[in-house]
Amino acid sequence: MKGKTRRASPRAGKDKGFRQGLATYGDAEFSLFLRKVFIKAGGYSDDALERPVVGITNTASDYNPCHGNVPDLIEAVKRGVLLAGALPMVFPTVSIHESFSHPTSMFLRNLMSMDTEEMIRAQPMDSVVLIGGCDKTLPAQLMAAASAKRPAIVLPVGPMLVGHFRGEVLGACTDCRRLWGEFRGERLSEADVELLTERLAPTKGTCMVMGTASTMGCIVEALGMGLPGSGSAPATHADRLRIAEATGKRAAEMAIAGGPTPAEIMTPAAFRNAMAVLQAVGGSTNGLVHLTAIARRIGIAIDLGEFDRIGRAVPVLVDLKPSGDHYMEHFHWAGATPRLMKEIRADLDERALTVTGKPLKAAIDGAEMVPGQTVIRPRTAPLKAQGGMAVLRGNLAPKGCVIKHSAATPKLLVHTGRAVVFQSLEDLALRIDDPDLDVAADDVLVLRQAGPKGAPGMPEAGYLPIPRKLARAGVKDMVRISDARMSGTAFGTIVLHIAPESAVGGPLALVRTGDRIRLDVPKRRLELLVDRAELARRRKAWRAPPPPAGAERGYAKLFQETVLQADEGADFDFMGPAGTRA
Ligand code: FES
Numbered sequence: 013m014k015g016k017t018r019r020a021s022p023r024a025g026k027d028k029g030f031r032q033g034l035a036t037y038g039d040a041e042f043s044l045f046l047r048k049v050f051i052k053a054g055g056y057s058d059d060a061l062e063r064p065v066v067g068i069t070n071t072a073s074d075y076n077p078c079h080g081n082v083p084d085l086i087e088a089v090k091r092g093v094l095l096a097g098a099l100p101m102v103f104p105t106v107s108i109h110e111s112f113s114h115p116t117s118m119f120l121r122n123l124m125s126m127d128t129e130e131m132i133r134a135q136p137m138d139s140v141v142l143i144g145g146c147d148k149t150l151p152a153q154l155m156a157a158a159s160a161k162r163p164a165i166v167l168p169v170g171p172m173l174v175g176h177f178r179g180e181v182l183g184a185c186t187d188c189r190r191l192w193g194e195f196r197g198e199r200l201s202e203a204d205v206e207l208l209t210e211r212l213a214p215t216k217g218t219c220m221v222m223g224t225a226s227t228m229g230c231i232v233e234a235l236g237m238g239l240p241g242s243g244s245a246p247a248t249h250a251d252r253l254r255i256a257e258a259t260g261k262r263a264a265e266m267a268i269a270g271g272p273t274p275a276e277i278m279t280p281a282a283f284r285n286a287m288a289v290l291q292a293v294g295g296s297t298n299g300l301v302h303l304t305a306i307a308r309r310i311g312i313a314i315d316l317g318e319f320d321r322i323g324r325a326v327p328v329l330v331d332l333k334p335s336g337d338h339y340m341e342h343f344h345w346a347g348a349t350p351r352l353m354k355e356i357r358a359d360l361d362e363r364a365l366t367v368t369g370k371p372l373k374a375a376i377d378g379a380e381m382v383p384g385q386t387v388i389r390p391r392t393a394p395l396k397a398q399g400g401m402a403v404l405r406g407n408l409a410p411k412g413c414v415i416k417h418s419a420a421t422p423k424l425l426v427h428t429g430r431a432v433v434f435q436s437l438e439d440l441a442l443r444i445d446d447p448d449l450d451v452a453a454d455d456v457l458v459l460r461q462a463g464p465k466g467a468p469g470m471p472e473a474g475y476l477p478i479p480r481k482l483a484r485a486g487v488k489d490m491v492r493i494s495d496a497r498m499s500g501t502a503f504g505t506i507v508l509h510i511a512p513e514s515a516v517g518g519p520l521a522l523v524r525t526g527d528r529i530r531l532d533v534p535k536r537r538l539e540l541l542v543d544r545a546e547l548a549r550r551r552k553a554w555r556a557p558p559p560p561a562g563a564e565r566g567y568a569k570l571f572q573e574t575v576l577q578a579d580e581g582a583d584f585d586f587m588g589p590a591g592t593r594a
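Heads up, the sequence shown is in the working numbering, so the first residue is 13 and it goes up one at a time.
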């Protein structure tokens, strides 16, 4: 496009800015002419249209209160882009909120990643700012960035501030679950629960415990895909807007320079750094599935054994719920992810490149050293001696499963108990509160048909409720195992992501009520104590369940036919780099 230059300013090169990715009419000049005609309807000048373009995702939605500050963030990002001489262009994508996604947000993560990737690819932009936060959104955006191959920088929306209830500080949603358990145990009234609906999520932003959203915020920084502090600054704080402005500025610089690209940043070393941070924050188990999916988009395989080894070496240092006591705002003011990384720098590859154009070392060296803070523990006095998660294997989980042992009951980490099996989520809902349910506190609750294909979408149903009659008797935790996921905000002795899942004939499908199950976290084992001949008999008799309702057509059909197991990230099998298909 031609335009008059009034002052020195960055110019998009040939096939850059608005000249790239033209709609196909068989005449490129005409395509460019037509584009100019339509964009000028928006009042843009030639000067503006000559600039490098920074795309900005808009994931604001009335259905996504966690993203309530996105409009303000967009304005701040635009300011940063303009200050650096580029042109900001905002575009909408799918937005997902945990509580407004049927059947479960994970079912839609891959859809959001495809939508985001294709919109980045289809529309002219030299770099993109990805604004997300609620659990599945940052993973979807990172997966998209990895596949779209355009310079990208992530801006989390940031966590909520804490809530208050009768003098107690509360956090969504660790305390949502704890207090719901109190209600089920008849220690809270219906009026209490009504009041709590106004107290547990008191501001815009993501859940303020170390749930999936907070975990992914920290991972964004550890991967090098966001600016220091961007994963934890409160959603409502002025610092968040300054980070947004700085993100816009940096995105403009990346647009002008043409890099770095996501593949240059998200290297095997970056993923190892992210795994170390995931262990050290006592992060969400979902973080492991998401990291696996993001890495796979670049052609990097996450080794669950390596993740477990990292967990044995890197202790939990962050004292946040559900593993500890504090909340994200406290973590932020204690020095945040850079301060944490300083504590575990011996386990990190500090040479890893970040979106700043500098190595991770620069972020670590710049960490604020807050005197007297107790939220980020020193390496010499960890919150837990090992990392937050362990990967287990055994005849019940040949391809692995995971437990967040930092948020489990220590005495249950080695436990043998009688299986009480629920065939599906419907069966669970029907029987869990039955006063005649044959269940005792030392039994092992087993849920199947809740994996990627079975439910579908691997819902966060792994936090099986304690049967009401046991809850009333004061039982707070039991060993629970499933092929489902669990909210990162949840706690308990809960084994998740069993692979292969029961719906595809994984050994979980063969468990019967009354079988003995042995959990041994120190030895990393999960075993069904049934002899091989009996298991072979059961396998012969096993029949695959029918596909879930709705899987005959559309996205549900695509999902059912192509979703991978948890150990491979539960992405679609055709979404790896070109030429790969699992
Ligand atoms: Fe959005 Fe928790 S519901 S982050």
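Note that the Cβ used here is the ideal one computed from N, Cα and C, for glycine as well. These numbers were taken from a predicted model, which means no experiment stands behind them.
As summarised for the segment 182 to 252, the continuous alpha helix (DSSP H) elements at least 4 residues long and confined to that stretch are 186 to 196, 202 to 208, 224 to 235, given in chain order. By alpha-carbon distance to Thr505, the top candidate from Glu194, Pro471, Asp455 is Asp455.
In this structure, Gly175 lies near Ala213, with their beta-carbon atoms less than 9 Å apart.
Judged by the Cβ position, Ser111 qualifies as a neighbour of the ligand FES at the 8 Å threshold, a heavy atom of the ligand being closer than this. Judged by DSSP in its simplified three-state form, Pro422 adopts helix. Judged by the Cβ position, Asp147 qualifies as a neighbour of the ligand FES at the 8 Å threshold, a heavy atom of the ligand being closer than this. When DSSP reads this structure, His338 sits in a beta bridge with Leu332.
Between the C-alpha atoms of Leu522 and Arg551 there is a straight-line separation of about 7 Å.
For the 9 Å CB-CB criterion, Leu34 and Lys48 do not form a contact. By the Cβ rule, the segment 233 to 249 counts as touching the segment 286 to 293, because three or more pairs are nearer than 8 Å. Per DSSP, the unbroken beta strand (DSSP E) holding Ser494 starts and ends at 491 to 494. With respect to His427, Leu540 sits apart: the two C-beta atoms are not nearer than 9 Å.
According to DSSP, Pro104 shares a beta bridge with Asn70. The segment 89 to 96 makes no contact with the segment 71 to 80, as fewer than three CB pairs between them are under 8 Å. Of the heavy atoms belonging to the ligand FES, none sits nearer than 8 Å to the Cβ of Ala245. At a cut-off of 8 Å, the beta-carbon of Ala473 does not count as near the ligand FES: no heavy atom of the ligand is closer than that.
Rounded to whole angstroms, the gap between the alpha carbons of Arg254 and Arg121 is 29 Å. Checking the 8 Å criterion, the Cβ of Gly223 is within range of a heavy atom belonging to the ligand FES.
Distances taken from the Cβ of Thr186 to the heavy atoms of the ligand FES include none shorter than 8 Å.
Residue burial annotation: Gly566 is exposed, with fewer than 16 other C-beta atoms found within 10 angstroms of its C-beta. When the five nearest sequence neighbours on each side are left out, the beta carbons in the same chain lying within less than 7 Å of the beta carbon of His338 are those of Asp331, Leu332, Val387, in order along the chain.
Rounded to the nearest whole angstrom, the CA to CA distance from Gly270 to Arg309 is 21 Å. For Ala250 and Gly500, the gap between their C-alpha atoms comes out near 27 Å. With fewer than 16 other beta carbons inside 10 angstroms of its own, Pro390 counts as exposed. A residue is called buried once 16 or more other Cβ atoms fall within 10 Å of its Cβ, and Tyr475 is buried on that count. Scanning Leu570, Asp579, Glu438, Cys219 for the CA closest to the CA of Gly80 turns up Cys219. Less than 9 Å separates the beta-carbon of Ile68 from that of Val141. Where Ile277 is concerned, there is no enclosing beta strand (DSSP E), although the alpha helix (DSSP H) around it starts and stops at 274 to 277. Fully contained in the segment 94 to 182 are the following beta strand (DSSP E) runs of length 3 or more, in chain order: 99 to 104, 139 to 144, 164 to 168, 175 to 177, 180 to 182. No Cβ-Cβ contact shorter than 9 Å links Leu408 with Leu508. Exclusion of Cys230 from the 8 Å shell around the ligand FES follows from its C-beta lying no nearer than that to any non-hydrogen atom of the ligand.
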